[in-house]
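K.L.:
When you read off a place in the sequence shown, starting at 1, and then add 720, the result is the number in this note's numbering.
The structure under discussion is supplied below as structure tokens; questions concerning it will follow.
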Amino acid sequence: MADQSLLGKYEHVNHRFEEVSQQITDPAVIADMKRYVRLNQEYKRLEELTKAFKAYKLLIENIDSGKEILAEETDEDLREMAREEIEEAEKAIPEKEQEIRMLLVPADPEDAKNAILEIRAGTGGDEASIFAGDLYRMYSRYIADRGWRMELTSCTEGTSGGYKEIVAKVSGEGVYGVLKYESGVHRVQRVPQTETQGRVHTSAATVAVLPEADEFDVELKESDIRKDTYCSSGPGGQSVNTTYSAIRLTHVPTGIVVTCQDEKSQLKNLAKAMTELRTRIYNMEYQKYVDEIASKRKTMVSTGDRSAKIRTYNYPQGRVTDHRIGLTLYNLPAIVDGDIGDIIAKLQLEENTQKLKESEL
721 MADQSLLGKY EHVNHRFEEV SQQITDPAVI ADMKRYVRLN QEYKRLEELT KAFKAYKLLI
781 ENIDSGKEIL AEETDEDLRE MAREEIEEAE KAIPEKEQEI RMLLVPADPE DAKNAILEIR
841 AGTGGDEASI FAGDLYRMYS RYIADRGWRM ELTSCTEGTS GGYKEIVAKV SGEGVYGVLK
901 YESGVHRVQR VPQTETQGRV HTSAATVAVL PEADEFDVEL KESDIRKDTY CSSGPGGQSV
961 NTTYSAIRLT HVPTGIVVTC QDEKSQLKNL AKAMTELRTR IYNMEYQKYV DEIASKRKTM
1021 VSTGDRSAKI RTYNYPQGRV TDHRIGLTLY NLPAIVDGDI GDIIAKLQLE ENTQKLKESE
1081 L
């Protein structure tokens, strides 16, 4: 049986889709970049929703036509084909209805953005830095498998390997909407490389994923920014350590400081640093939005509480546990090698289910 409440939404969705389709070709809209980008994001969502609705209506039509054949035809072969068509359509309808309900849930406008990924060693000394390096490798492989691009912005290496801190920009389609579930404290339980007694220790690293701000999201005044240059340190050849290519930007009104030393060119480092600074300023406001959501319902996205433990990687048991949804998997080697898609998919499903309940669709 068709859900009439869903069918009632189709006309509105289809009308809005046609409206947006016309608007994104309007020269006046194209000239307003902020509005144009927003409408393009809405167009993609409405296009997917419209396709789902049309597939849903086709299933209903197949059932209706099949019933007509059963009522009018005497040919047993035709009647058998009709019965099979009705059965297939009736099985497919609940899944298609759930798909439409999920698509009707308003998407976070930030989900389509690129992201700034930062990983910092937490408690655990050298082992925490090594673990931060393991997380960076895990994300690097996952990002490469998705066909996304990762550009290193800055890093501070640990004394025994790994990183005390590493920051990178991740570019691609819908990056933030996927990686945002990784924000929080990641905990590791294993025998550290630096441990001689063979005892299991617990260490931690903090992951933060921020939606990258577009140029029109934040207006930066040159007078508010203090720029310092210095010699880079780390990999990159002799010229890295002998030229003043590294950049440090300080946003005076907020006190936010960002650095970039990954490129040999000062101009390229400046461009990357400006992108990160814009993102951090933008996220001061965005965090209020995330906190507001968290106060209304359970959310899988970190609310910015850097003490929020989200996942444990237990090496002796080969176990990974995501504490937000009580998910435990015993394929740790594959996960730390970048196979985190299933975990993220389950977190997305739980988040969307919460949104669905909230919207009472």
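Cβ coordinates follow ideal geometry from the N, Cα and C atoms, glycine included.
Everything numeric in this text was worked out from a predicted model, so none of it was measured.
Ignore the nearest five residues each way along the sequence and tell me which others in Met858's own chain have a CB closer than 6 angstroms to its CB.
P.N.:
Working through the sequence shown from its first residue, we reach residue 858 at position 138. Excluding residues within five positions, the ones whose Cβ falls inside 6 angstroms are Val1056, Gly1058.
K.L.:
Assign Tyr883 to buried or exposed, taking buried as 16 or more other Cβ atoms, counted over all protein chains shown, within 10 Å of its Cβ.
P.N.:
Along the sequence shown, one-based indexing puts residue 883 at 163. Result: buried.
K.L.:
Using a Cβ-Cβ cutoff of less than 6 angstroms, which residues in the same chain neighbour Gly897 once the five nearest sequence positions on both sides are dropped?
P.N.:
Counted from its first residue, the sequence shown places residue 897 at position 177. Excluding residues within five positions, the ones whose Cβ falls inside 6 angstroms are Asp831.
K.L.:
In the structure shown, what three-state DSSP assignment does Gly904 receive?
P.N.:
In the sequence shown, counting from the first residue as 1, residue 904 sits at position 184. Three-state DSSP puts Gly904 in a strand.
K.L.:
Could you check if Leu798 is buried or exposed, using at least 16 other CB atoms within 10 Å of its CB as the buried criterion?
P.N.:
Here residue 798 refers to the residue found at position 78 when the sequence shown is read from its first residue. It is exposed - the Cβ of Leu798 has fewer than 16 other Cβ atoms within 10 Å.
K.L.:
Excluding the five sequence neighbours on either side, which residues of its own chain have a C-beta within less than 7 angstroms of the C-beta of Val749, listed in chain order?
P.N.:
For the purposes of this step, residue 749 is identified with residue 29 of the sequence shown, where counting begins at 1. Closer than 7 angstroms at the Cβ level, and outside the excluded window around Val749, lie Gln743, Arg755, Tyr756, Leu759.
K.L.:
Counting beta carbon pairs with one atom in the stretch 798-808 and one in the stretch 905-921, are three or more of them shorter than 8 angstroms?
P.N.:
The stretch 905-921, when compared against the stretch 798-808, does not touch it at the 8 angstroms Cβ threshold.
K.L.:
Taking the alpha carbon of Met870 as the point to measure from, which residue in Val895, Glu885, Asp846 has its own alpha carbon closest?
P.N.:
On the sequence shown, position 150 is the one that residue 870 refers to. Among Val895, Glu885, Asp846, the Cα nearest to that of Met870 is on Val895.
K.L.:
Going by CA-CA distance only, name the one from Asn1034, Thr995, Arg998, Leu930 that's closest to His921.
P.N.:
Start at 1 with the first residue of the sequence shown, and residue 921 comes out as number 201. Ranking the options by Cα distance to His921, first place goes to Asn1034.
K.L.:
Are Leu997 and His971 close, meaning C-beta to C-beta below 8 angstroms?
P.N.:
Locating residue 997 in the sequence shown gives position 277, counting from the first residue. Locating residue 971 in the sequence shown gives position 251, counting from the first residue. For Leu997 and His971, yes; Cβs fall inside 8 angstroms.
K.L.:
Under 8 angstroms Cβ to Cβ from Ile1001, same chain only, skipping five residues before and after it: list those, please.
P.N.:
Here the question's residue 1001 lines up with position 281 in the sequence shown. Closer than 8 angstroms at the Cβ level, and outside the excluded window around Ile1001, lie Ala933, Val938, Leu940, His971, Thr974, Ile976.
K.L.:
Determine whether the Cβ of Glu915 lies closer than 8 angstroms to any Cβ atom of chain C.
P.N.:
You won't find chain C in this structure, because it holds only one protein chain.
K.L.:
Where do the N-terminal and C-terminal ends of the beta strand (DSSP E) with Asn782 fall, by residue?
P.N.:
For the purposes of this step, residue 782 is taken as residue 62 along the sequence shown, with counting starting at 1. Per DSSP, Asn782 belongs to no beta strand (DSSP E); it is in the alpha helix (DSSP H), 753-792.
K.L.:
Which word fits Glu847, buried or exposed, when buried means at least 16 other C-beta atoms lie within 10 angstroms of its C-beta?
P.N.:
Residue numbering aside, residue 847 sits at position 127 when the sequence shown is read from its first letter. Under this definition Glu847 is a buried residue.
K.L.:
What distance in whole Å lies between the Cβ atoms of Leu824 and Lys764, which are believed to be in contact at a cut-off of 8 angstroms?
P.N.:
Taking the sequence shown and counting its residues from 1, one reaches residue 764 at position 44. Taking the sequence shown and counting its residues from 1, one reaches residue 824 at position 104. Wrong, their Cβ atoms sit about 15 angstroms apart, outside the cutoff.
K.L.:
Do the CB positions of Lys900 and Val927 come within less than 8 angstroms of each other?
P.N.:
Position 180 of the sequence shown, counted from the start, is the residue given in the question as residue 900. Position 207 of the sequence shown, counted from the start, is the residue given in the question as residue 927. In this structure, Val927 does not lie closer than 8 angstroms to Lys900 by Cβ.
K.L.:
What does the Cβ neighbour count give for Glu1071, buried or exposed, with the cut at 16 atoms within 10 Å?
P.N.:
The count along the sequence shown starts at 1 and reaches residue 1071 at position 351. Buried.
K.L.:
Kindly list the residues whose CB is nearer than 6 angstroms to the CB of Leu990, restricted to its own chain and excluding five residues on each side of it in sequence; keep chain order.
P.N.:
Sequence index remark: in the sequence shown, residue 990 carries index 270 (1-based). These residues qualify, in order along the chain: Ile967.
K.L.:
Report the three-state DSSP secondary structure of Val898 (helix, strand or coil).
P.N.:
In the sequence shown, residue 898 corresponds to position 178, counting from 1. If DSSP states are grouped into helix, strand and coil, Val898 belongs with the helices.
K.L.:
At the level of alpha carbons, what is the spacing between Glu762 and Thr843?
P.N.:
The residue you call residue 762 lines up with position 42 of the sequence shown. The residue you call residue 843 lines up with position 123 of the sequence shown. Approximately 42 angstroms between the Cα atoms of the pair.
K.L.:
Let me make sure I understand the geometry here. Which of Gly867, Glu838, Ser923, Met994 has the alpha-carbon closest to that of Ala888?
P.N.:
Along the sequence shown, one-based indexing puts residue 888 at 168. The shortest C-alpha separation from Ala888 is found at Glu838.
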